[in-house]
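Okay, so here's the structure we're looking at.
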Amino acid sequence: MRGYSHPRAPGGGAGAVTAGVSVLPDHVRVDFDSNAAEAWRDCADVLFGRGEPALAAQLLDTHPGCLLVSVRNPADGRCTAAARGGLRIEAGRVRDARDHALVASALYGLLLALNRRPGLLIVLAAAGRPTD
Numbered sequence: 029m030r031g032y033s034h035p036r037a038p039g040g041g042a043g044a045v046t047a048g049v050s051v052l053p054d055h056v057r058v059d060f061d062s063n064a065a066e067a068w069r070d071c072a073d074v075l076f077g078r079g080e081p082a083l084a085a086q087l088l089d090t091h092p093g094c095l096l097v098s099v100r101n102p103a104d105g106r107c108t109a110a111a112r113g114g115l116r117i118e119a120g121r122v123r124d125a126r127d128h129a130l131v132a133s134a135l136y137g138l139l140l141a142l143n144r145r146p147g148l149l150i151v152l153a154a155a156g157r158p159t160d
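Numbering (my numbering), first residue to last: 29 to 160.
Structure representation (structure tokens):
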């Protein structure tokens, strides 16, 4: 990450990563449960964190630059994502915030690759560590 500069990152983004913020080569991902500054949330391509499914659509409304918001239900670990254009994605269960971050980034990449076709239903089974 050293020396990388994301054009929308606050302060130029050169190597800038704070708690809850990941400046990746193709997107900025922010954990909205973290203490990340609002400026990071405003420039995020992907927001993720704990909450009920309805929260994903609300966060899309309040962060117009964001393409995808993924929420993880704290009770059962199920992830639901909302994307621009009204797309809702049920992404299965994840164990923790680290796994959720990976799923959110994978969904973002998938959306870009599929060019967000209308009416597309995406079901992603989270792989990796067991949720129990």
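Glycine included, C-beta positions come from ideal geometry on N, C-alpha and C.
Treat the numbers as computed from the prediction; the structure is a model and nothing was measured.
With 16 or more other CB atoms across the displayed protein chains lying within 10 angstroms of its CB, Arg69 is buried. Cβ atoms of Gly105 and Val122 come within 8 Å of each other, at about 6 Å. Your pair Ala109 and Leu95 does not check out as a contact, with CB atoms roughly 10 Å apart and the cut at 8 Å. Where Arg100 is concerned, the enclosing beta strand (DSSP E) starts and stops at 96-100. Going by beta carbons, Val99 and Leu115 fall outside the 7 Å limit. In the three-state reduction of the DSSP assignment, Asp61 falls in the coil class. Contact between Ser62 and Ala47 holds: CB atoms are separated by about 5 Å, below the 8 Å threshold. Under DSSP, Arg126 shares a beta bridge with no residue. For the 7 Å CB-CB criterion, Leu135 and Ile117 form a contact.
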